[in-house]
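Peer 1: Position 22 of the sequence shown, counted from 1, bears residue number 22 in UniProt numbering, the numbering being contiguous throughout.
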Amino acid sequence: MKKIEKKMRGLVPEKLFEKVFSLRHSGKKGVFGYGVMVVVDGKPVKYIPSFSYKKEDDSDVYRQTVDAGFWDGEVGEFAEVKFSPEAFHTKDIKYLQLLANELNTAGLNYSILLVSFDNKELIRFKLQRLGLWKKEDSFYLIGRDELFQWGMNS
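#1: Please specify which runs of the beta strand (DSSP E), each continuous and at least 3 residues long, are wholly inside the segment 49-117, giving them in chain order.
#2: To which residues of the same chain is Glu74 closer than 8 Å at the C-beta, ignoring the five residues directly before and after it?
#3: Tell whether a beta-carbon distance below 8 Å holds between Phe17 and Ala100.
#4: For a quick check, are the C-beta atoms of Ser52 and Asp41 less than 8 Å apart?
#5: Count the other CB atoms within 10 Å of the CB of Ala106; is the residue buried (16 or more) or exposed (fewer)?
#6: Compute the beta-carbon to beta-carbon distance between Ile142 and Val115, rounded to the nearest angstrom, for a pair I have assumed lies under 8 Å.
#7: Could you tell me the distance, in whole angstroms, from the CA atom of Ser84 to the CA atom of Phe117?
#8: Determine the closest residue to Ile112 out of Gln64, Glu56, Ala68, Gly33, with distance taken between C-alpha atoms.
#9: Rounded to the nearest angstrom, what separates Val20 and Asp58 at their Cα positions?
#10: Assign Glu56 to one of two classes, buried (16 or more other C-beta atoms within 10 Å of its C-beta) or exposed (fewer than that).
#11: According to DSSP, is Val12 part of a helix, a strand, or is it coil?
#12: Identify the residues that DSSP records as bridge partners of Lys46: which are they?
#13: How close, in whole Å, do the beta carbons of Tyr95 and Tyr140 come, if the pair is a contact with beta carbons under 8 Å?
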């Protein structure tokens, strides 16, 4: 039962975010999707850790998708969505860091969003605790207070 509850906790915010993401990109020319693999220069972006592990509060395992992605031919927007900042794990951030590196190498414009239905500063605190907070990553943190306003801006 605990596994089902955990899956549902993640699914509900993702579905709510999908609605906001769809509204944000409504009427734009481009492609968007959910749970999608990102392909840069014909090559899928896949994160393979040198040492995999799973603990209750963190994990570092194979990863190859973003929760939401949009591409209009010039600019990409990619998001990882969690109900709680505590749900962000090493695998999520290292995948997004790899994605950013691949996009930078290809000279592509993009933004990467870390979204939580809690205070956005708690995302930063969680990443600092994991030793994964790097200012040069320039991820956009979006919390419950910013989500709907962000969704209305394009």
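Note that CB positions come from ideal geometry on N, CA and C, so glycine has one too.
Peer 2: A quick look at the data gives this:
#1: 66-71, 75-82, 109-116
#2: Asn109
#3: Result no, Cβ atoms of Phe17 and Ala100 do not sit closer than 8 Å.
#4: no
#5: exposed
#6: 5 Å
#7: 6 Å
#8: Ala68
#9: 28 Å
#10: Looking at its Cβ environment, which holds fewer than 16 other Cβ atoms inside 10 Å, Glu56 is exposed.
#11: helix
#12: The partner list for Lys46 (beta bridge, DSSP) is empty, contrary to what the question assumes.
#13: Actually they do not touch by this definition, with Cβ atoms about 16 Å apart.
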